[in-house]
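J.:
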């Protein structure tokens, strides 16, 4: 599976993981000038998290509930 995150400023990361394997998102983001910028937890589970571009400081919140 491949996951691509691209900011409007041109900063881009493409992450690949073998099928049915674990991928450490936070470490991979930080290696490519993005960062995990916190999470909201509801009922003991992550409900949403934010990814920030270190180049232009743009960010997006992703919901997972």
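In the working numbering, the protein residues as written are 1093 to 1157. Positions of the beta carbon are idealized from the N, C-alpha and C atoms, including for glycine.
1) Quick one: is residue 1095 buried, meaning 16 or more other Cβ sit within 10 Å of its Cβ, or exposed?
2) One question on the structure: do residue 1125 and residue 1147 come within less than 8 Å of each other, judged by their Cβ atoms?
3) What does the Cβ neighbour count give for residue 1145, buried or exposed, with the cut at 16 atoms within 10 Å?
4) Go to residue 1139, then tell me how far its alpha helix (DSSP H) extends in each direction, as first and last residue.
5) Determine the burial state of residue 1138: buried for a count of at least 16 other Cβ atoms within 10 Å of its Cβ, exposed for fewer.
T.: Taking the structure as given:
1) Using a 10 angstroms sphere on the CB of residue 1095, the tally of other CB atoms stays under 16, which defines it as exposed.
2) yes
3) buried
4) Residue 1139 -> not in any alpha helix (DSSP H); beta strand (DSSP E) instead, spanning 1137-1145.
5) exposed
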